[in-house]
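To start, the structure under review is shown below, and the notes come after it.
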Amino acid sequence: MITVFSGYNQRAVIAFLRTLQKNKIESYCIIASGEEDTILKTCYRERVIYVRKIKQLDLNEIIDALKLAINMSDEKSVFIAPSTEALNRFLLQYREIFGQMGCIIPLVDKELYEQVSDKGKFYMLCIENEISVPLEYPKEDVFSKPLVAKPKKYVSACGEVYSPIFLLSEQEYMSFLNKHNMDDFDFQEYLNGGISIYLLFYFSRFGEVFFCTQRNLAQQPGGKSVIAACYDKFYGQEKIAEEYIKLFKKIGFHGLVMVEIRLLNGKDYMIEANPRFWGPSQLFCDMNYNFFEFMLKDYGFVKQIYDISKNENAVYFWSGGAKKNVLEDMNYFLEPDGMKILQENYSSFVAADIYQKEDTMAIYNIELLEKLYMQNSKHSNYQALPSALAEILDEGKLKI
Numbered sequence: 020m021i022t023v024f025s026g027y028n029q030r031a032v033i034a035f036l037r038t039l040q041k042n043k044i045e046s047y048c049i050i051a052s053g054e055e056d057t058i059l060k061t062c063y064r065e066r067v068i069y070v071r072k073i074k075q076l077d078l079n080e081i082i083d084a085l086k087l088a089i090n091m092s093d094e095k096s097v098f099i100a101p102s103t104e105a106l107n108r109f110l111l112q113y114r115e116i117f118g119q120m121g122c123i124i125p126l127v128d129k130e131l132y133e134q135v136s137d138k139g140k141f142y143m144l145c146i147e148n149e150i151s152v153p154l155e156y157p158k159e160d161v162f163s164k165p166l167v168a169k170p171k172k173y174v175s176a177c178g179e180v181y182s183p184i185f186l187l188s189e190q191e192y193m194s195f196l197n198k199h200n201m202d203d204f205d206f207q208e209y210l211n212g213g214i215s216i217y218l219l220f221y222f223s224r225f226g227e228v229f230f231c232t233q234r235n236l237a238q239q240p241g242g243k244s245v246i247a248a249c250y251d252k253f254y255g256q257e258k259i260a261e262e263y264i265k266l267f268k269k270i271g272f273h274g275l276v277m278v279e280i281r282l283l284n285g286k287d288y289m290i291e292a293n294p295r296f297w298g299p300s301q302l303f304c305d306m307n308y309n310f311f312e313f314m315l316k317d318y319g320f321v322k323q324i325y326d327i328s329k330n331e332n333a334v335y336f337w338s339g340g341a342k343k344n345v346l347e348d349m350n351y352f353l354e355p356d357g358m359k360i361l362q363e364n365y366s367s368f369v370a371a372d373i374y375q376k377e378d379t380m381a382i383y384n385i386e387l388l389e390k391l392y393m394q395n396s397k398h399s400n401y402q403a404l405p406s407a408l409a410e411i412l413d414e415g416k417l418k419i
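Quick note: the sequence shown uses the working numbering, first residue 20, plus one each step.
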């Protein structure tokens with residue numbers, strides 16, 4: 020029995036569920052994050068066996084939910100999909116308890132996982148293995164240059180979880196100093212320009228390595244979620260990939276891992292690594308080079324993968340990730356060519372929209388209506404919306 024925790028990193032979760040459907044894997048269930056989990060608006064809602072009452076990952080509640088899944092399983096065990104960072108760390112923290120229950124957790128041990136996932140630790144690991152990284156600077160009381168503040172660990176000393184923070188102006192820098200403990204962060208050079216690439220890997224427990232690349236074209240401001248991406252085979256990628264393959268084999272890593280790099284001025288710089296599901300996973304699914312299938316085969320859920328010839332024309336698009344039409348705002352684009360690629364292939368990107376599919380149309384419609392509201396709420400054509408709909412949107416209560 021495969022158990023999927025939904026509600027967070029939802030686009031990756033949906034791509035994984037589609038992979039299960041494609042492979043005719045019927046033995047799976049879903050634990051929803053709460054009543055507001057959008058999975059309940061999809062065709063997968065019939066697979067939900069438990070809706071969490073507590074937003075945080077509560078040990079007692081998760082044990083109760085997993086007991087339901089285990090009791091449904093013929094084997095009296097469950098394979099837990101490693102869908103989010105918070106979930107993975109929670110599973111590793113209580114691995115012994117979950118293992119005794121009959122849970123299979125497809126992750127390396129806690130120490131090794133953190134060595135890859137903690138930004139400070141992986142930065143040092145790359146330096147030790149002669150992999151290029153952005154320059155690091157000492158903390159200063161005044162703004163002198165654009166920087167990226169990267170959390171040293173997933174959880175700070177005060178218990179907060181931070182994403183990297185871009186400090187591109189004196190105002191942003193001083194605001195950061197007033198709000199944060201500088202000892203929780205490393206300060207690295209801001210790499211302006213270049214091309215953003217994801218190196219995607221799966222390291223099987225038996226030595227096989229699967230690899231491909233993703234070029235990120237558009238992203239939410241502040242380095243948040245990717246909105247548009249495509250397959251990309253750039254010059255020298257095999258050499259770069261081999262450096263990371265050597266590193267991961269050296270430390271005994273297995274499982275999923277994505278390494279973000281930036282190609283700039285003839286060099287490649289490691290940005291971060293994520294040993295979990297990745298948001299734009301639908302891209303590799305549509306490429307027919309499916310890392311979920313590699314993982315499922317590794318654990319015996321898929322017996323054979325007959326064809327992994329890449330569909331190099333596959334693209335990824337998430338229209339709901341932009342507050343307005345992505346082509347209307349250059350700030351979404353990670354490189355000048357990003358807008359050009361999207362414009363020239365716009366029909367292909369629209370056709371690939373992650374939620375504009377039969378199984379998730381309700382989510383697509385919700386995001387579309389919310390975007391319409393954001394764009395038009397202060398203009399006369401917003402008045403054309405029924406007052407009841409406007410009120411529902413205002414309160415975030417739209418139910419489809």
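Ideal Cβ placement from N, Cα and C applies to all residues, glycine included. All of these numbers come straight from a predicted model, not from anything done at the bench.
query: Can you list, in chain order, the residues of its chain whose CB lies under 7 Å from that of S328, leaving out five sequence neighbours each side?
result: By 1-based counting over the sequence shown, the position of residue 328 is 309. Within the same chain, S328 has close Cβ partners N307.
query = Ends of the beta strand (DSSP E) at G274?
reply = Locating residue 274 in the sequence shown gives position 255, counting from the first residue. Segment 274-283, the beta strand (DSSP E) holding G274.
What's the gap between the Cα of G242 and the Cα of N350? The count along the sequence shown starts at 1 and reaches residue 242 at position 223. The count along the sequence shown starts at 1 and reaches residue 350 at position 331. Going from the Cα of G242 to the Cα of N350 covers about 11 Å.
Under a three-way DSSP split, which group does K265 fall into? Position 246 of the sequence shown, counting from 1, holds the residue named residue 265. Correct three-state label for K265: helix.
Exercise. From the DSSP output, which residues share a beta bridge with M289?
Worked result: Stepping through the sequence shown from its first residue, residue 289 is reached at position 270. The partner list for M289 (beta bridge, DSSP) reads I280.
Check your understanding: P299 to R30, Cα distance in whole Å?
Key -> If you number the sequence shown from 1, residue 299 lands on position 280. If you number the sequence shown from 1, residue 30 lands on position 11. Their Cα atoms are separated by approximately 7 Å.
(message) Here's a check: name, in chain order, each residue in its chain whose Cβ is nearer than 8 Å to the Cβ of L387, leaving out the five neighbours to either side.
(response) Taking the first residue of the sequence shown as 1, we reach residue 387 at position 368. Take L387, set aside five residues on each side of it, and the residues of its chain with a beta-carbon closer than 8 Å to its own are S338, G339, in chain order.
Q.
If the criterion is Cβ atoms closer than 8 Å, does the pair Y221 and T232 meet it?
A. Start at 1 with the first residue of the sequence shown, and residue 221 comes out as number 202. Start at 1 with the first residue of the sequence shown, and residue 232 comes out as number 213. Not closer than 8 Å, so no.
Practice item. Compare the C-alpha of M289 against each of G226, L210, D305 and name the closest. Key: Taking the first residue of the sequence shown as position 1, residue 289 is located at position 270. The candidate whose alpha carbon is nearest that of M289 is L210.
Note to self: If you measure between the beta carbons of P153 and R295, is that distance less than 8 Å?
What the structure shows: Here residue 153 corresponds to residue number 134 of the sequence shown, with the count starting at 1. Here residue 295 corresponds to residue number 276 of the sequence shown, with the count starting at 1. For the 8 Å CB-CB criterion, P153 and R295 do not form a contact.
- Message: Give the list of continuous alpha helix (DSSP H) stretches no shorter than 4 residues that lie fully inside the region 329-376.
- Response: Segments of the alpha helix (DSSP H) lying fully in the region 329-376: 355-363, 365-370.
Limits of the unbroken alpha helix (DSSP H) element including A237
As a working note, residue 237 is residue 218 in the sequence shown. No alpha helix (DSSP H) contains A237, which is instead part of the beta strand (DSSP E) from 228-238.
### Query
Considering only C-alpha positions, which residue in the set L78, Q119, E331 is nearest to V97?
Position 78 of the sequence shown, counted from the start, is the residue given in the question as residue 97. With distances taken between Cα atoms, V97 lies closest to Q119.
Q) Counting along the chain, where does the beta strand (DSSP E) carrying S215 start and finish? A) Counting from one through the sequence shown, the residue named residue 215 turns up at place 196. Bounds of the beta strand (DSSP E) holding S215 are 214-222.
Can you tell me the Cβ-Cβ gap for L131 and F109, rounded? I've got them flagged as a contact below 8 Å. What you label residue 131 is simply residue 112 of the sequence shown in a count that begins at 1. What you label residue 109 is simply residue 90 of the sequence shown in a count that begins at 1. That belief does not hold up - the Cβ atoms of L131 and F109 are roughly 17 Å apart, past 8 Å.
Excluding the 5 residues flanking Q239 on each side, which residues of the same chain have their C-beta closer than 7 Å to its C-beta? Taking the first residue of the sequence shown as position 1, residue 239 is located at position 220. For Q239, where only same-chain residues beyond five positions count, the Cβ hits under 7 Å are I246, G340.
Could you say which of F352, P183, I49, A333 lies nearest to Q301 if we only look at CA atoms?
As a position in the sequence shown, residue 301 is number 282, starting the count at 1. Residue A333 is the option with its Cα nearest to Q301.
Requested in this report: Ignore the nearest five residues each way along the sequence and tell me which others in L353's own chain have a CB closer than 7 Å to its CB.
Outcome: By one-based count along the sequence shown, residue 353 stands at place 334. So the qualifying residues of the chain are S215, N235, L236, A237, Q238.
- Would you report the Cα separation of K376 and Q362, rounded to the nearest angstrom? Looking up residue 376 in the sequence shown gives position 357. Looking up residue 362 in the sequence shown gives position 343. When rounded, the distance between both Cα atoms is 22 Å.
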